[in-house]
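Engineer: So the mapping is simple: this note's numbering equals the position in the sequence shown, first residue as 1, plus 1.
C-beta: ideal position from N, C-alpha, C; glycine also.
Structure in C-alpha cells, see below.
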Amino acid sequence: MPTYLIKLPHTAAECLNALDEIAAKGSQLLPKIYWGCGAGDHTGYAIVDAKSESAAKEMITAANIRSKASVTEVKKFTVKDIESFHK
C-alpha cells in the first residue's frame, strides 16, 4: 500500500481552531500528526498508508483543514536503490 505525507498548514491565528477541528471530528489521523506549532511552524505532519492520494486526503475529516492540506506520495530508498539510479 502506498505511503503519503499529509501536511496541514494553518496560520498562528487559525491554530487553536485547527487543533479543535481535528480533535472534534474524532479523526483517526490525530494520533499520527506531529505539530510544528510550538516551533512557529503552524503545520501538522502525518505519514499514513492509504490506497490512493484521495483516500489519504479523506482521512482529514475537518473540511476547513482538508481544503488547505497537501498530500504527497513518499517512498523510502535503500542504498541499493540509490546506486541503481546511477546506472
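Look at the alpha carbon of Lys33 and the alpha carbon of Glu74, and state the distance between them as a whole number of angstroms.
Structural biologist: Rounded to whole angstroms, Lys33 to Glu74 spans 16 Å at the Cα level.
Engineer: Tell me where the alpha helix (DSSP H) around Asp21 begins and ends.
Structural biologist: Unbroken alpha helix (DSSP H) run through Asp21: Cys16 to Ala25.
Engineer: Quick check on DSSP: helix, strand or coil for Lys69?
Structural biologist: In the structure shown, Lys69 sits in a helix (DSSP, three-state: H, G or I).
Engineer: Look at Lys76 and Thr4 and say whether their C-beta atoms are less than 8 Å apart.
Structural biologist: Yes, these two residues count as a Cβ contact at 8 Å.
Engineer: From Thr44, Ser68, Lys58 and Ile83, pick the residue whose C-alpha is nearest to that of Gln29; which is it?
Structural biologist: Nearest option by C-alpha distance: Lys58.
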